[in-house]
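Report on the structure given below.
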């Protein structure tokens, strides 16, 4: 990948010259889909009890790491459905932020279009910050009740369409 695609507005292209060039809009869709797939894989890993048990047995400083992160005695705050909800909440906030940011873009030459089609490293850092920032929400019970409430209304809205 080009260095410019990470920090600038250039469209990402594959490093192999035998691959055909892709349009900027296609590469933008590909990168957003890649971000979505990356977070989904992380959520699947967080739900897996096998991965959690393997980490406990194979990482020698696991307990110290959990205490340092203030994630509980055995990192129970970083695994399970509540952790996945928090990561997905951060991802939803990320995509909603860019939804609001890209409303009414009329030209691919506008400043907002350049940000939408580039700056992938900055966006990845922002996505990671939003997903990890959700773990600093103080009251977990209120957060989970609110997420359940939102899921119910989202399901009602979806079925109404």
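In this note's numbering, the protein residues as written are 1493 to 1653. Ideal Cβ placement from N, Cα and C applies to all residues, glycine included.
Cα atoms of residue 1603 and residue 1595: separation of roughly 13 Å, rounded to the nearest angstrom. DSSP places residue 1535 in the helix class (H, G or I) of the three-state scheme. Shown here, residue 1625 sits in a helix according to DSSP, grouped into three states.
For residue 1558, the enclosing alpha helix (DSSP H) covers residues 1554 to 1561.
Between the alpha carbons of residue 1627 and residue 1601 lies a gap of roughly 37 Å. Separation of residue 1605 and residue 1548 (C-alpha to C-alpha, rounded to the nearest whole angstrom) is 45 Å. By the Cβ neighbour-count rule, residue 1543 is exposed, with fewer than 16 other Cβ atoms within 10 Å of its own.
Residue environment: residue 1571 is assigned as buried (16 or more neighbouring CB atoms within 10 Å of its CB, all protein chains considered).
At least 8 Å separates the beta-carbon of residue 1579 from that of residue 1644. Of all alpha-carbon atoms in 1567, 1588, 1612, the one lying nearest the alpha-carbon of residue 1519 is that of 1612. In the three-state reduction of the DSSP assignment, residue 1611 falls in the coil class, being assigned neither a helical nor a strand state. Residue nearest to residue 1608 within the set 1554, 1586, 1552, 1651 is 1586 (criterion: CA-CA distance). For residue 1565, there is no enclosing alpha helix (DSSP H), as DSSP marks it with neither H nor E.
A direct Cα-to-Cα measurement between residue 1568 and residue 1517 gives close to 40 Å.
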